[in-house]
Each structure stands twice: as C-alpha cells, then as structure tokens.
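Residue numbers (this note's numbering): 11 to 731. Glycine included, every Cβ here is placed at the ideal spot set by N, Cα and C.
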C-alpha cells in the first residue's frame, strides 16, 4: 500500500486563495475502461487537461468565493480516503494554471511555486530544439477553409462512405495486382535524381490532402481546426493541421475517426492513382506521377502515420482503442516509477496508472517505443550520412545529445539534488554506479554471438541456356519451369512457312536438274552433264541445310535436368528469331547459393578463415527448414552485375538496380558476390532462381564492438571520405 502524506509544508501559501476555472473553459465527460473522466478544454489556447471524478468535484467547487482550504475540507467530507491530499491539490492547481485553465489571483511567491513564468513556452522551445528532425512551424488559421469544405464531404463521413472507401481500395488493389511485376520494376526509378522533383511534389500534395482529411472529419463532429503549418520530417517539409479539438469528443470512435481521417483520404487518393496508373500507357509522365503518389501513400502510411510507436495518427488511434490517454508520456513515467520503486527502493511512489492492466500496457509500450526510437535514430542518421554527410553528422550529433546526453544529464542532476533521495542518496549513487558497471561489462566485455545477414539465390553448377536454332512461330510448348527434362527431349516446337516454301522450291529445282542431267547423259554430252552434276550437288546441299534447319525448329534440351527461368508456355504464338532464349535447363543435383553483398556487408568475410565462418541458409519458400552452408567463397572483385534478377528491386530483392536496365541485373553500386554450397544434399529440391536468406555466424565479440564495427563499415560503404 502506497502512503499518501495528507499534509504539505506549502499549504499555508495556497489555502486562502479563491481560484476558479476560466469562464470559457469547456468540460466534456468521457469514459475510459469503465471509469468516468472529465476533460477541461480551453478553446482560446487549445489546451486540455483530464480530471478524474474526485479531482473534477474539487475543481467544480472552486467558484471564486470558496477558498482552497474550504474546498479541500468539503472534498474530505465527501470522499474520505479517496480525497486528494494537500500535495496533490497543489500539483493539480499548478497543472491547471500552467495549462491556462484556472483563473488565479496569487501573490508572486505562490505564482512562482505553481508555475514559473514562461515555463510552458520554454518547454515548447526545448522540445523543438530536441526534436530537430521533427519540428513544426505555424503559418495560419485554416478553420474558415475547413468550414467551407466540410459540407462537400459531409455526405460521405458515415458508414456508407466508409463502405464506399473500402470498395475503392479493393478496386485500386485489383487494378495493380495483375501488373505487380511492372510495379516492382518501377521502384528502381525512384533513386533517379530526375524523379526527385516529382516525388517531392507528390509528397507535399498528398500530405496536404491527408491533413485535409483530419480537419474535415474533426469539423464534421463539431471540433475547431485553429492551426495549420509546416512540419519538418527529417528535412522533408509536410503540411499539418491541429485537430486536437477531437480530444474533447465524448465518443472514442469519433476521436478514432479523426485520427484515421488522414490515412483514409490518403489511401483513397492512392487507390485512384492506382487505377489511373493501370489505365495509362507506359512512358506517359502522368503515369509516373500516379506511381509516386501510390509509393508515397504506402511508405508514409505504413512507416509513419499508421505506426503506433511514433506520435502520429496510429499512436492516437491505439491510445483510444486501448482507452489509455497520454500513452507515450505515461509509459515513460511508468518506466521511471518502476526504477524508483524496485531499483532505488524509494517509498511512496505513485504509479501513473491505477489499474494493473494499464501497468502492463504502459510497460510494454514504453519498452517497444524506446527500442524503436533508438533504431529510428540509427537508420535516419546512417541514411543522411550517405547522401548529405555534413548535414547527417550535425543532425546525428544533435539528436544524440537531445535523446541520450541530456537525459543522462537530467538523471545525474536527479541523483545529486533530488529531494526524494535526501535520506538515500549514497545508496542511490552506489546503485547507479553498479548498474553502469554491469552495463559496461555486459555491453563492452562479455562476448555474444555475432551474426551478419545476406540475401542470395539458388543457382545450378550445371546450367545451360536453351535457344532457338531457327526462326519461326512457336506452335507447341511441352514444358514449364520446374518440369524434369531428358537430354534431347523437345521443349518447344516452331513452324516456319517460309522454310517450308523454300524446301518445296529447292526440291523442284533439284527435280528439274535431275531431269536435265538424265537427258544429257542419254545424249552423251559429258560437258553439260558435268555442269548439271555440280548444280545437283548444290541443290542437294541446300535441301540438306534446309532439312537441318527444319530439325532445329524442334528446340531440345541439351542435357538432363529441370526447366528453369523463362516459361516456354508463354511463347506459344510468338515469332522468334534465331538465337532467342527459350528457357534454361539446370542440374538439380548440383546447386549452390550466390549471395550479393555491398562492400560494408562483405568486407568482414575476407579476414576470416573457413573454420571461423559458419553459414545457415533458409529458403524463402520454406523458412522453417535451416540449411547448413559449406565452402564459402567470396569473389574478391566487385562488379555491377547481379547473379540473378531476383536479387534486384524489380525481382523483389533488396539491391538497388539501374533504372535504364530492362533486365534488372545491373546495379547502381558495385556489389560483391559470395558463393555458398550446401552441406550435403540439403539444397536438393530447391528451385534455381529462388531467394535464400543467409546468416553468417562470426566469432563472438562484445556487443559494443559489434555495433561500432557495423556503424564504421556502413559509413565507410556509403560515404566517400
């Protein structure tokens, strides 16, 4: 049981004050997890504060005539042990006054105790500086614009509109599903600098439409939209509107609708763009714009807006679904509470949640959001270092100071000066030192397994291409990829009307020569007979060549194996010239994996012996079956050609390919090829061209050494120093 000291040494400063809520403050009743709460909202400043029933009753009793002491005694009479203590009253008054919700005529010393002058503004500036990668700039009040547009969207902001929206999304997916390969191949053009201007325009327009969705739905349910501006997301400008008025809505489903409104509008626009993209011919500039709209909507929605671990739309939707307001700050407070209570053993610590179920929600969310925060910092910093080295270094250092150095400074200040530790400061310092030493040992000294990962494709050591030997129309195909084939077995058969006509003409010419030759021999004309014999040999050779060419119209397998690569069935009806590829034939008994890695990924391979390196592979089609690799061989020379198109963007891989390469095998940056053979017949049954995930097990090293090595190699691979 947590002790709540009833009395406060500062009570005499506030007991005679007679505050009241400001006249324009609005109170809305809400329910969270079966409990009633009240939200105080100041429309002028757009500030909110959530009150439980006991706190709301106390605040409601402050009418400007009753003193704080009288209101407190009245609350004691009503609620007994559930009534707020004097310290809680002072904290409540300070928070209401700091949120500009309380009208209070207080002397300077009390004013300073409740809220220091300009504290809220300083806090906002500090947050902007800390979040240099994510900050906002207010531009204007869009309420009139949203009010004018809301009637046009009102007929669709209901269940019928939601059903129509779902049908639109399905139609957009149906339009692009048959062209998924073409859509994937278009990804390679995103890295082309010529496309960046269109991508930026598409991003800004799409985000403006997104924010309009928030504003219109908020206005539909009676909320105001008092602010619009520009928000910088990692150097990318994006418009925003303030739809926080929905926090005062009594229904959580209305709040969720406002939170999801931007994504609903954005995905609807992406669905329309998908249908237009599918209808337009290749090469049309409007088609490229539609592709960028689809890409921006998908990436921004999944990675940012719908992600509940960042304070965007998904975060507020999750908060309302779980009925846990202020999810992120309360999760951080819960982490602090657990440390204070169970690590530093401080008494009388009040948790930020009263229900045990909320405890677990806050702890899980706090751990996940903190881990994601660190991950996002590393990803963004490394990405910016690769493109804008100086800017990336500045932002990385700034964010590192804001997210890590400043919190550590605040923690050190808490250890040195906090009143909570007045009687336990020595023990707290020793505990902190022990925790720091344990962290240093675990991170910097204890070896742990070191894994590096790569992606490869299955290929055959005995692989032959099958090509046409003569030109003609494909009339029959007998095999498909994956079908077994014997040496000499026909895979496709062609017909050539021109070849048949040439054969008939040559046969007629030969018959004529033979007739004249017989006549010359009967007339005993040796000179004429000799000339006709030469002509006979010529036409017989022509017929032999045409016969051989006709034999080549049947395309046969060069050896035993399995058909791979192109599908011969897709060639039926097509006219093929000589030398055109039909498919490939591979030996399924002799397979290996060809992995493609960047310089940063493959550099550590060259310093290890075969005994120090172990490889485990998992086929994408069967990820639950591990395959032990053997005989790892890294080609020491880098090249810009992939072993297989399946490794590139267009084939579903993760290697960036050149936008002007129709085959999708030429990379934008040089890559290293690593060959891995299976230990025994483990790869038997795998299909050549199938992607494989590889995990290389390196000698164990401390975690800190691994992280530093990865960062160093990543920067070295992306930055030309």
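* What residue ranges within the segment 553-632 form continuous alpha helix (DSSP H) runs of no fewer than 4 residues, ordered along the chain? -> 609-612
* Unbroken beta strand (DSSP E) run spanning residue 423, endpoints -> Residue 423 -> not in any beta strand (DSSP E); alpha helix (DSSP H) instead, spanning 416-427.
* **Neighbourhood of residue 79 by C-beta, 6 Å cutoff - its chain only, sequence neighbours within 5 removed** => 25
* Is residue 698 closer than 8 Å to residue 343 when the C-beta atoms are compared? -> no
* **Between the CA atoms of residue 542 and residue 526 - distance to the nearest angstrom** => Spanning the two alpha carbons is a distance of roughly 7 Å.
* Work out the CA separation of residue 452 and residue 438 for me, nearest whole Å. => Their backbone Cα atoms lie some 21 Å apart in a straight line.
* With which residues is residue 685 paired in a DSSP beta bridge? -> 604, 643
* Asked: Applying the criterion that 16 or more other CB atoms from any shown protein chain within 10 Å of the CB defines a buried residue, is residue 653 buried or exposed?
  -> buried
* To do: Could you tell me whether any Cβ in chain D is nearer than 8 Å to the Cβ of residue 518?
  => The displayed structure is made up of one protein chain only, and chain D is not part of it.
* Asked: Counting along the chain, where does the beta strand (DSSP E) carrying residue 350 start and finish?
  -> From DSSP, residue 350 is part of no beta strand (DSSP E); its letter is neither H nor E.
* Identify which residue in 613, 272, 96, 638 has its Cα closest to the Cα of residue 228. => 272
* In terms of residues, what are the limits of the beta strand (DSSP E) holding residue 40? -> 36-42
* Asked: Rounded C-beta distance between residue 569 and residue 595? I'm assuming under 8 Å.
  -> 6 Å
* Asked: When DSSP labels each residue in this structure, what does residue 489 get in the three-state scheme?
  -> coil
* Asked: Would DSSP call residue 457 helix, strand or coil?
  -> strand
* Counting only runs of 3+ residues fully inside the segment 41-68, write out the beta strand (DSSP E) ranges in chain order. => 45-52, 57-61
* Taking the alpha-carbon positions, what's the residue 238 to residue 369 distance? -> 35 Å
* Alpha carbon to alpha carbon, how far is residue 464 from residue 265? Give it in angstroms, no decimals. => If you draw a straight line from the Cα of residue 265 to the Cα of residue 464, it comes to about 43 Å.
* Asked: Mind checking whether the beta-carbon of residue 445 lies closer than 7 Å to any heavy atom of the ligand ADP?
  -> This structure simply doesn't include the ligand ADP, nor any ligand for that matter.
* Alpha carbon of residue 21 to alpha carbon of residue 326, nearest angstrom -> So the two alpha carbons sit approximately 37 Å from each other.
* Asked: At a cut of 8 Å, does the segment 273-286 reach the segment 342-361 through at least three beta carbon pairs?
  -> no
* Could you check where the beta strand (DSSP E) with residue 652 kicks off and where it finishes? -> Unbroken run through residue 652: none, as it is neither H nor E.
* To do: Could you say if the segment 556-565 and the segment 503-511 meet the contact criterion of at least three C-beta pairs nearer than 8 Å?
  => yes
* Asked: In three-state DSSP terms, what is residue 113?
  -> strand
* **Bridge-paired residues (DSSP) for residue 711** => 458
* Asked: Terminal residues of the continuous beta strand (DSSP E) containing residue 504?
  -> 500-505
* In or out: residue 336 buried (at least 16 other Cβ within 10 Å) or exposed? -> exposed
* Asked: Which of helix, strand or coil does DSSP assign to residue 250?
  -> Here residue 250 sits in strand by DSSP.
* What did DSSP end up calling residue 266 once you bin it into helix, strand or coil? -> helix
* Asked: Would a C-beta distance cut-off of 8 Å place residue 604 and residue 466 closer than the cut-off?
  -> yes
* **Spatial distance of residue 127 from residue 34 (CA atoms)** => The predicted position of residue 127 is uncertain, since its pLDDT is 39 and thus under 50; a value taken from the coordinates is nonetheless stated next. Those two C-alpha atoms are separated by around 22 Å.
* Secondary structure at residue 434, three-state DSSP: helix, strand or coil? -> coil
* Please state whether DSSP places residue 404 in a helix, a strand or coil. => helix
* Asked: Would a C-beta distance cut-off of 8 Å place residue 680 and residue 649 closer than the cut-off?
  -> yes
* Helix, strand or coil: which one does DSSP assign to residue 72? -> coil
* Mapping DSSP to helix, strand and coil, what is residue 83? -> Looking at residue 83 - three-state DSSP - the assignment turns out to be helix.
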